Amino acid sequence: MIPVLWVCGPPGVGKTSVGWEIYTRLSGSGVACGYVDIDQLGIVDRDPPFDPGRHRLKARNLAAVISGYAAAGARCVIVSGIVDPDHGVHTDDLAGLALTMCVLRADRDELNRRYQGREGADATAPSVRQAVAGPSIEVDTTGPTVAAVAGKILERTGWPRVPDAVGVPGRAGSDPAGAGAEPGGPQGRPEAVSEPAEDGLEGPVLWVCGPTGVGKSSAGFTVFLRTPRAAFVDLDQLGFCAPVPIAQADRLRILGAIWRNYRAAGAQALVLVGPLEGATTATVARLHAGPTQLTERILRRGRGGGSWPQPGDPLLGRPETELRRLAAEAARDAPLTGDSIETDGRSVEEVAGLILARTGWPG
Numbered sequence: 001m002i003p004v005l006w007v008c009g010p011p012g013v014g015k016t017s018v019g020w021e022i023y024t025r026l027s028g029s030g031v032a033c034g035y036v037d038i039d040q041l042g043i044v045d046r047d048p049p050f051d052p053g054r055h056r057l058k059a060r061n062l063a064a065v066i067s068g069y070a071a072a073g074a075r076c077v078i079v080s081g082i083v084d085p086d087h088g089v090h091t092d093d094l095a096g097l098a099l100t101m102c103v104l105r106a107d108r109d110e111l112n113r114r115y116q117g118r119e120g121a122d123a124t125a126p127s128v129r130q131a132v133a134g135p136s137i138e139v140d141t142t143g144p145t146v147a148a149v150a151g152k153i154l155e156r157t158g159w160p161r162v163p164d165a166v167g168v169p170g171r172a173g174s175d176p177a178g179a180g181a182e183p184g185g186p187q188g189r190p191e192a193v194s195e196p197a198e199d200g201l202e203g204p205v206l207w208v209c210g211p212t213g214v215g216k217s218s219a220g221f222t223v224f225l226r227t228p229r230a231a232f233v234d235l236d237q238l239g240f241c242a243p244v245p246i247a248q249a250d251r252l253r254i255l256g257a258i259w260r261n262y263r264a265a266g267a268q269a270l271v272l273v274g275p276l277e278g279a280t281t282a283t284v285a286r287l288h289a290g291p292t293q294l295t296e297r298i299l300r301r302g303r304g305g306g307s308w309p310q311p312g313d314p315l316l317g318r319p320e321t322e323l324r325r326l327a328a329e330a331a332r333d334a335p336l337t338g339d340s341i342e343t344d345g346r347s348v349e350e351v352a353g354l355i356l357a358r359t360g361w362p363g
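Just so it is clear: in the sequence shown, position 214 is 214 by full-length UniProt numbering, and no numbers are missing.
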């Protein structure tokens with residue numbers, strides 16, 4: 001069974017920061033591991049009627065991600081995000097995992113302070129009860145640094161205990177994840193699709209692409225918000241696998257499984273953002289920005305001021321000289337073409353409007 005460490009807790013407690021710190025620490029020491037933020041696996045415009053909060057949908061998509069990471073060579077996976085407060089982890093959708101839970105806690109005043117820094121001065125961090133079962137620890141994040149919390153978690157759990165032979169979630173031998181489930185899933189729910197699909201993307205799919213810093217995620221998410229019965233996936237969030245990077249083909253297989261799960265839950269269109277390599281049957285919106293704009297945006301993201309605060313932003317905290325080099329490379333590798341959508345001098349809302357007008361999405 002593949003070891004999985006799930007870092008959970010209420011909003012503002014530091015789940016993503018701590019999970020990412022553990023991932024970078026382990027991968028930097030040579031441990032082949034993966035990371036995913038569970039919130040990235042449930043972005044649809046409404047809750048399925050059988051799944052308030054989308055926790056079961058997220059669990060099924062998590063199984064697809066872990067399966068793909070394991071196939072790409074990961075020997076353990078770190079997950080960050082809230083657990084279903086009523087039912088805990090949906091282990092029936094995550095068979096074949098050696099799951100360790102870590103619940104982060106913090107004082108109410110500290111949670112509010114962090115939450116207000118993220119959501120605005122009048123925001124109050126919601127109270128979220130975390131129901132966990134099986135091996136688990138609790139760690140307080142009120143005072144210690146992120147690095148100190150990560151170190152304490154690894155010390156107290158002894159994680160990861162990587163076995164010689166790592167299985168894939170939901171598999172016995174080479175059986176696909178979810179094999180043996182009742183047709184239609186338990187209690188009449190749509191059947192989970194956990195095995196990365198091989199057959200590409202079906203149905204209405206809009207792929208928003210372009211160079212680093214062009215604003216793919218912000219514009220794509222705005223398009224998603226304007227599209228009824230849609231789902232949203234940031235392809236970069238399916239690629240945190242190190243020290244050996246995951247291949248684009250593996251990410252697309254994971255994406256295929258996630259999209260099939262979204263469709264089974266009622267989604268009718270997919271907005272996808274991320275680098276485009278090779279041919280695709282999706283509708284493509286290719287964004288462009290000039291060198292000056294790319295440099296400004298990449299420098300801003302490096303300082304933590306980007307408009308799309310994504311988990312694991314590869315630009316965050318990098319030296320300015322390196323950021324400027326990356327901006328120059330991005331501008332060089334993505335010249336303006338006849339089908340490009342220019343983003344210079346335009347707001348996110350304006351770019352999203354141009355995407356919809358130019359592509360006729362969703363048709």
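Cβ atoms here follow ideal geometry from the backbone N, Cα and C, with glycine treated the same way. Just so it is clear, the structure is predicted and the values come from calculations on it, not from any experiment.
May I ask which residues mark the beginning and end of the beta strand (DSSP E) holding residue i?
i           : result
L206        : 205-209
P291        : Element bounds for P291: not the beta strand (DSSP E) but the alpha helix (DSSP H), 291-302.
F240        : Looking at the DSSP string, F240 is not in any beta strand (DSSP E), and its letter there is neither H nor E.
R161        : First-last for R161: undefined, no H or E at that position.
A328        : It is not in any beta strand (DSSP E) - A328 instead sits in the alpha helix (DSSP H) that spans 320-333.
A98         : 97-105
W6          : 2-8
residue 379 : What is shown of the chain runs 1 to 363, which leaves residue 379 out entirely.
L94         : Counting along the chain, L94 falls outside any beta strand (DSSP E), and DSSP gives it neither H nor E.
L41         : Segment: none, L41 is in no beta strand (DSSP E) and carries neither H nor E.
L270        : 269-273
A147        : From DSSP, A147 is part of no beta strand (DSSP E) but of the alpha helix (DSSP H) over 146-157.
I82         : No beta strand (DSSP E) contains I82, which DSSP labels as neither H nor E.
Buried or exposed for residue i, going by 16 or more other Cβ atoms inside 10 Å?
i    : result
A257 : buried
W6   : buried
A249 : exposed
A357 : exposed
R56  : buried
Q187 : For Q187, the predicted structure reports a pLDDT of 36, less than 50, and the residue's modelled location is therefore unreliable. A value from the coordinates is still provided. Classification of Q187: exposed, given that the 10 Å Cβ count is below 16.
E21  : buried
R325 : exposed
R60  : buried
T100 : buried
R108 : exposed
D344 : exposed
P49  : exposed
L62  : buried
T295 : buried
A352 : buried
G81  : buried
P314 : exposed
G184 : Note on G184: pLDDT 38, under 50, position unreliable in the model; the coordinate value appears next. With fewer than 16 other Cβ atoms within 10 Å, it is exposed.
L252 : buried
L225 : exposed
Between which residues of its own chain and residue i is the CB-CB distance below 6 Å, once the five residues before and five after are set aside?
i           : result
I246        : A72, G239
A106        : V13, T141, T142
P52         : none
Q293        : D344
Q268        : R229
C241        : G34, Y69, A72, A74
G220        : V208, V271, V273
residue 364 : Look at the range of the chain in this structure, 1 to 363, and you will see that residue 364 is not part of it.
H90         : R56, A59
D92         : none
Looking only at its chain, what residues have a beta carbon closer than 7 Å to the beta carbon of residue i, apart from the 5 residues adjacent to it on each side?
i    : result
T359 : L206, T283, A285
A147 : E21
G210 : K216, R286, L287, H288, A334
I254 : A64, V65, G68, P196, L238
G30  : P243
G363 : P204
K58  : I38, L41, G42
D234 : Q40, S217, V273, G274, Q310
E110 : T142
Measuring only between beta-carbons, confirm whether residue i sits less than 8 Å from chain B.
i   : result
R75 : Chain labels in this structure do not include chain B; a single protein chain is all it has.
Since residue i and residue j should fall inside the 8 Å C-beta cutoff, what is the C-beta to C-beta distance between them, to a whole number of angstroms?
i           : j    : result
I43         : V223 : That belief does not hold up - the Cβ atoms of I43 and V223 are roughly 12 Å apart, past 8 Å.
P311        : T16  : 5 Å
residue 402 : G266 : The question about residue 402 has no answer, for the chain in this structure spans 1 to 363.
A98         : V4   : 7 Å
C8          : V139 : Incorrect: roughly 11 Å between the Cβ atoms, too far for contact.
R161        : I137 : Their Cβ separation, rounded to whole angstroms, is 15 Å, which puts R161 and I137 out of contact at 8 Å.
Which stretch, first to last residue, makes up the alpha helix (DSSP H) that contains residue i?
i    : result
I254 : 248-264
S217 : 216-226
S17  : 15-28
S67  : 55-71
A231 : Where A231 is concerned, there is no enclosing alpha helix (DSSP H), although the beta strand (DSSP E) it sits in stretches over 230-234.
E349 : 348-359
Take residue i and list the residues in its own chain whose beta-carbon comes closer than 8 Å to its own, dropping the five residues that flank it on each side.
i           : result
residue 372 : Here the chain comprises residues numbered 1 to 363, so residue 372 is not present and cannot be evaluated.
L299        : E320, L323, R324, A327
Tell me whether residue i counts as near the ligand FMN, meaning its Cβ is closer than 7 Å to at least one heavy atom of that ligand.
i    : result
I355 : By its list of ligands, the structure shown contains no ligand whatsoever, and the ligand FMN lies outside what it can speak to.
*Contact between the stretch 73-89 and the stretch 33-45: three or more CB pairs below 8 Å?*
Contact holds: three or more Cβ-Cβ distances are below 8 Å.
*Just checking, does the stretch 207-226 make contact with the stretch 279-292 on the three C-beta pairs under 8 Å criterion?*
Verdict: yes, contact present.
*With a cut-off of 8 Å, do at least 3 Cβ pairs link the stretch 334-342 to the stretch 308-324?*
No: the two stretches stay apart, fewer than three of their Cβ pairs being nearer than 8 Å.
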